[in-house]
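All remarks here apply to the structure that follows.
Residue numbers (our numbering): 2 to 183.
Rendered as structure tokens:
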């Protein structure tokens, strides 16, 4: 395949420079809106061994509260979408609202929260599994939790599971899940 070269003219360099400035300005202003992007270039992905991941019953049927704590010596980033998988099943919980992967900053000693619904309680479809796994970043192996540990001793009912993004409080995560469910 042959690439077409753009014509060269006296306007080519100034136009290219103006376009570059516009792109840099647009990128900078777009990142200002992300509270977690400040200083992102110097923050690294949290080491898995420096994180504490917990999962506990979430109150309503088929809901699990998840948290991640940074026990490391400095701030670091995890993916803003928790990776939640289910034993023996392909795929992972989908985010609500739908979102792209991106960084979420955890300060030293900081904690983030998410809420997971494994299945609509009224659903008769789906599978029952014995465990779920939670990872704060897709590059991590994650931590597994048995069905009883998340309040579902008969098995975790899985049908179109959904999770929130990480939030600064458990209440905010629960509220985001409730809003998504209508």
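Just so you know, even glycine gets a beta-carbon here, dropped at the ideal spot from N, CA and C. As the structure is a computational prediction, the values presented were derived from the model and not from experiment.
Query                                                                                                                                            : Result
Does DSSP classify residue 181 as helix, strand or coil?                                                                                         : helix
If you follow the beta strand (DSSP E) that residue 106 is part of, which residue opens it and which one closes it?                              : 104–107
So, with DSSP's three-state summary, where would you put residue 165?                                                                            : coil
Looking at the unbroken beta strand (DSSP E) that takes in residue 131, where does it start and where does it end?                               : From DSSP, residue 131 is part of no beta strand (DSSP E); its letter is neither H nor E.
Look at the alpha carbon of residue 182 and the alpha carbon of residue 106, and state the distance between them as a whole number of angstroms. : 27 Å
Using the beta-carbon count (16 or more within 10 Å), is residue 154 buried or exposed?                                                          : exposed
How should residue 162 be labelled, buried or exposed, when 16 other C-beta atoms within 10 angstroms of its C-beta is the threshold for buried? : buried
Would you kindly work out how many angstroms separate the C-alpha atoms of residue 177 and residue 74, rounded to a whole number?                : 30 Å
Within the continuous beta strand (DSSP E) that includes residue 159, where are the two ends?                                                    : 157–159
Just the Cα atoms here: how many angstroms apart are residue 94 and residue 144?                                                                 : 15 Å
Considering only their Cβ atoms, is the gap separating residue 160 from residue 110 smaller than 8 Å?                                            : no
I need the boundaries of the beta strand (DSSP E) containing residue 118, first residue and last residue.                                        : 112–118
Using DSSP with H/G/I as helix, E/B as strand and the rest coil, what is residue 174?                                                            : helix
Which of helix, strand or coil does DSSP assign to residue 56?                                                                                   : strand
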